[in-house]
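> Could you have a look at this structure, given as C-alpha cells, before my questions?
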Amino acid sequence: MTVAKKQVVRHGRSVRIYLPVDDRHVLADRKGNLAATVTTGGLYKWFAEPDMSGLSKQKDMKTGEVTQVKTWREALGDLRELQERVNAKSRWLSRTGGDIDQALVQATGRLAETRIGFQAKLVAATDLMANGDDLGGNLAVLQADLRITEREIHQLKNDVRALTALTREESKMSIADKIERGVAARRRTEARSAEEIAQRQRYADQAGDRETPGHLVARDGEADAQEVRVEDQRHDRDGGTGRDTGVTLRERIEAEVQRRREARGEGLDSGDDRGGRSR
C-alpha cells in the first residue's frame, strides 16, 4: 500500500500512518500488481485496530492536566534534540578535529550522496515491480536496502539539523566574545588615557607651584615694602624722630626696596669674588 508522506508520522522507532475513515486504498502484491481495494476499516484485517476507548477519557481531562502533559512532551522533545546534537558531535566532530563548519560540510555532502543512491535504488525497485520479472528475488533485497538507506537518510538529516544549530550557536558565541573583548580593550584604553591626563595635570600643577626668579624678586620686594611700612609706623609711634617729612611713604618704600635690592646684589658679587679667590 502506498500512502502520502504527510500521512506518516515518525516517533522514535515507531511509524504511525493516519488515514481518513472514508477513504479507499489500493493494495498491491509483492510483484507490484493490483491485488485489492479496501476501505480504511478493511485494513484492520492486516493491521491492529486502534483503541478508541481512551478518547472519551482524554476529553474529560482537566486543563491543568493537559498543560502538564504538554510540558512533559516538550521536555522530552528538548531531550531528544539534545541527544541528537550530542550524537552528531560524536559522529562528525571527531573526524574534523572539532571543526563544526567542516563537520557540517561533510554531513551535508554525505546526505546528498545517500539521497542520490536512494533514488537510484527506488527506480530499480519500481522497474522490477512494474515488469514483474523478479525471478532472483532482487526486489526483496532492494526493498530491504531501501529501508536501511531511508533510516540512514533520516539520521543524516538529524545530524545536519543538529550541526546547523551548533554552528549558529558557535557563531553567536564567537560574536559575543569579540564584542566582550572589544569592550574590555576599550575600557583599558580609556583607563590608560585617563591616567595619562591625570599625570600630565599633576606635572602641570607641580610646575605651577615652583617659584621662578621673577616670583622670588617680587616676594622679596613685598617683604621689603612691608618692613618699610612697619618702620614708618614705628616712627609715628615715637613722635616722628628721625622721620624725613619731605618724602612720601610710597617714595620711601620704593627707595628702601631699591636699596635692599642693590645690597643683595653687592653681597652676591662679593660672595662670587670670595669664591673665586678660594678657588
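Mapping of the sequence shown onto the numbering used here: residues 414 to 692, in sequence order.
No residue lacks a Cβ here, since even glycine has one placed at the ideal position from N, Cα and C.
What is the DSSP secondary structure of Thr654, counted as helix, strand or coil?
Because the pLDDT at Thr654 is just 47, under 50, the model does not fix this residue reliably, and the point stays unresolved.
> What's the C-alpha gap between Gly455 and Glu526?
The straight-line gap from Cα to Cα measures roughly 40 angstroms.
> Can you tell me whether Leu489 is buried or exposed, with buried defined as 16 or more other CB within 10 angstroms of its CB?
Counting Cβ neighbours within 10 Å, Leu489 comes out exposed, since fewer than 16 surround it.
> Kindly give me the distance between the Cβ atoms of Leu576 and Ala501, rounded to whole angstroms, as I take these residues to be in contact under 8 angstroms.
The Cβ separation is near 5 angstroms, so the contact holds.
> What does a CB cutoff of less than 7 angstroms around Lys534 pick up in its chain, not counting 5 residues either side in sequence?
Excluding sequence neighbours, Lys534 sits near Leu555, Asp558, Leu559, Thr562.
> Considering only DSSP beta bridges, list what Ser427 is partnered with.
Answer is His424.
> Can you tell me whether Trp485 is buried or exposed, with buried defined as 16 or more other CB within 10 angstroms of its CB?
Trp485 is exposed by the Cβ-count criterion.
> Looking only at C-alpha atoms, which of Arg665, His567, Phe531 sits nearest to Ala520?
Nearest of Arg665, His567, Phe531 to Ala520, Cα basis: His567.
> Could you give the distance in angstroms between the alpha-carbon of Gln420 and the alpha-carbon of Asp514?
For Gln420 and Asp514, the distance between alpha carbons rounds to 34 angstroms.
> Please tell me whether Glu487 and Asn571 are closer than 7 angstroms, where the distance is taken between their beta carbons.
Not in contact: Glu487 and Asn571 (Cβ atoms no closer than 7 angstroms).
> Measuring straight from C-alpha to C-alpha, what distance separates Thr452 and Asp442?
C-alpha separation (whole angstroms): 17 angstroms.
> Buried or exposed for Leu495, please, with buried defined as at least 16 other CB atoms from any protein chain shown within 10 angstroms of its CB.
It is exposed - the Cβ of Leu495 has fewer than 16 other Cβ atoms within 10 Å.
> Could you check if Ala516 is buried or exposed, using at least 16 other CB atoms within 10 Å of its CB as the buried criterion?
With 16 or more other Cβ atoms within 10 Å, it is buried.
> From Glu375 to Gln639, what distance separates their C-alpha atoms?
With the chain covering only 414 through 692, there is no way to say anything about residue 375.
> If we ignore side chains and look at the alpha-carbon of each, how far apart do Arg656 and Ala668 end up?
Because the pLDDT of Arg656 is 48, which lies under 50, any placement of that residue in the model is unreliable, and the question is left without a value.
> In whole angstroms, what separates the C-alpha of Ile430 from that of Val422?
Looking at the two C-alpha atoms, the distance is approximately 6 angstroms.
> Given this structure, state the Cα-to-Cα distance separating Leu524 from Arg599, to the nearest angstrom.
Cα to Cα, the separation comes out at about 45 angstroms.
> Distance, Cα to Cα, Glu675 vs Glu635?
Those two C-alpha atoms are separated by around 15 angstroms.
> Smallest Cα separation from Ala543: which of Arg574, Lys444, Arg605, Val499?
Ala543 has its Cα closest to that of Lys444, out of Arg574, Lys444, Arg605, Val499.
> How about Asp514: is its C-beta nearer than 7 angstroms to some C-beta of chain D?
The structure shown contains no chain D; it is built from a single protein chain.
> In whole angstroms, give me the CA-to-CA distance for Arg613 and Glu593.
Going from the Cα of Arg613 to the Cα of Glu593 covers about 30 angstroms.
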